[in-house]
């Protein structure tokens, strides 16, 4: 019987799941993923995590709680950096230790340091350390590494072609592409924010889904090639050392420069330190371009009805401004906290 490896459906699941899944499965493991976030998972996370944690971290706790008794090994990587000269949120660095100190009854944990700052060799070494739980063959682990990165590349290609992470994961698992939504959109909107916020339908209160139902075509950070984001972000006065924040701001600048969008919806969570700066910078650049901007800040007490009302008001504003362009203030803004 194959070893069951549990992966919480939260945080970097939305960025690196195809890589992790392919790597473990090539080595003979069975990957078990927690279900989509729901009220039960949220409540478990809020109950078990520290009060100061942001909502995505609390939800991560909930996913760990849900899956811990259903697997033989739990995959909790220590994500420090995924590129040179830049870092992930510091809460991610201490997350494995926080979980092991706060939660009881955990199965054995696969805990490796993923730190690209130390170079490609150290990054690859982390995967060999992961693989050693399943095989002692250097050659087999190396093949698993290569196959996993091939699948991750296909995943990223699907994102750039217009799919969102959950859609791309579904395509990779099913082997065929579904029908893309081809209806004419009334407006083109950039939905910005961390992937683990905007693509978690429960956490984001279905923001993307509601905007689509209101007739919007959605663009996100992940729909842009990384080299374009990096090139645009390089125009910033100072280099940003938060990887995800840099990518969000780079994507925002790219969309603003090309005027291909009608507005920006920035989704963040209460208590996110990096976002307090990134969202503010994004709003400032949007105002310089006369671009409508709405900030939606979420926590565990936010309600979906409030988000829908604010999104409807934002879309109505876009429709009104399109009909009355000569009377619309380029310095107007709409900022809502749900």
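Numbering (our numbering), first residue to last: 46 to 383.
All C-beta atoms, glycine included, are put in the ideal place defined by N, C-alpha and C.
- Straight-line spacing of the CA atoms in residue 195 and residue 161 works out to 18 Å.
- A direct Cα-to-Cα measurement between residue 63 and residue 237 gives close to 22 Å.
- Partner residues in the beta bridge of residue 232, as assigned by DSSP, are 261.
- Exposure of residue 149 is indicated by the presence of fewer than 16 other C-beta atoms within 10 angstroms of its C-beta.
- Residue 160 sits in a strand when the DSSP states are folded into three classes.
- Our two residues, residue 151 and residue 119, have alpha carbons roughly 8 Å apart in a direct line.
- Remark: C-beta atoms of residue 50 and residue 116 approach each other more closely than 8 Å.
- The beta carbon of residue 76 lies closer than 7 Å to those of 50, 52, 66, 69, 70 in the same chain, with the five residues before and after it left out.
- Burial check for residue 122: the Cβ neighbour count within 10 Å reaches 16 or more, so the residue is buried.
- Straight-line spacing of the CA atoms in residue 105 and residue 217 works out to 24 Å.
- In this structure, the straight-line span from the alpha carbon of residue 287 to that of residue 252 is close to 25 Å.
- Judged by DSSP secondary structure, residue 62 falls within the alpha helix (DSSP H) whose first and last residues are 58–71.
- Only exposed fits residue 365, as fewer than 16 other CB atoms lie within 10 angstroms of its CB.
- Under the DSSP assignment, residue 127 falls outside any alpha helix (DSSP H); it carries neither an H nor an E label.
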